[in-house]
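To keep things clear, I will list the structure first and then write my remarks on it.
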Amino acid sequence: IELGELPGVCSHYVIDRDGTIYQLVPTTIMCRHTVGLNYTAIGIEHVGGSDGQVLGNPRQMASSLRLTRMLQGRYGIRTRNVIGHNESLSSPFHRERVARLRTQTHADFPKPAMDAYRRRLERLPAPASLR
17 IELGELPGVC
27 SHYVIDRDGT
37 IYQLVPTTIM
47 CRHTVGLNYT
57 AIGIEHVGGS
67 DGQVLGNPRQ
77 MASSLRLTRM
87 LQGRYGIRTR
97 NVIGHNESLS
107 SPFHRERVAR
117 LRTQTHADFP
127 KPAMDAYRRR
137 LERLPAPASL
147 R
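The numbering used here runs 16 ahead of the 1-based position in the sequence shown.
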């Protein structure tokens, strides 16, 4: 929205509290989801008021982890590169061409929350492409 690019702010997936996964746009479309990573990120949003609510919801987490594992297999994404919004600035893939946006990030899903998520993710069988 800030730059007037289309499709504007969006995410590829939304996971509802009951575990329902909604795909909003194809992963081939670049969404403005995470500043500095839009060119490469697949955006997954979770319905909830806090990281703790999402991490503590078994149905939502099961769907989230299954979706993430599927995407890892399809696109060869390493678990260390599955990040939360708050980790965007430390990603080796972070690239932002607009100087005033280079340090912009979100507060949700900081490293401790994502460490917990990644630990759960690693307990699932690895996709064939990551073995």
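Note that the Cβ used here is the ideal one computed from N, Cα and C, for glycine as well.
Any beta carbon from chain C within less than 8 Å of residue i's own beta carbon?
i	result
Glu61	Among the chains in the structure shown there is no chain C, since it carries only a single protein chain.
I'd like to confirm the pairing. Which residues does DSSP put opposite residue i in its beta bridges?
i	result
His62	Ile31
Gln37	The residue you asked about is not Gln; residue 37 is Ile in the sequence shown. Ile37 pairs with Ile31.
Arg48	Val25
Measuring CA to CA, which of the options is closest to residue i?
i	options	result
Asp131	Asp67, Met86 and Pro143	Asp67
Ile58	Gly64, Val70 and Ile45	Ile45
Ala129	Gln69, Met86 and Pro143	Gln69
His62	Gly72, Pro108 and Cys47	Gly72
How far does the alpha helix (DSSP H) with residue i in it reach, from first residue to last?
i	result
Ala144	Neither: Ala144 is in no alpha helix (DSSP H) and is coded neither H nor E.
Pro74	Pro74 to Tyr91
Asp67	Asp67 to Leu71
Below 8 Å, can you find three or more Cβ-Cβ pairs linking the region 64 to 77 to the region 107 to 119? no
Mind the definition here: the region 36 to 47 touches the region 94 to 101 only if three or more C-beta pairs lie below 8 Å; say whether that holds. no
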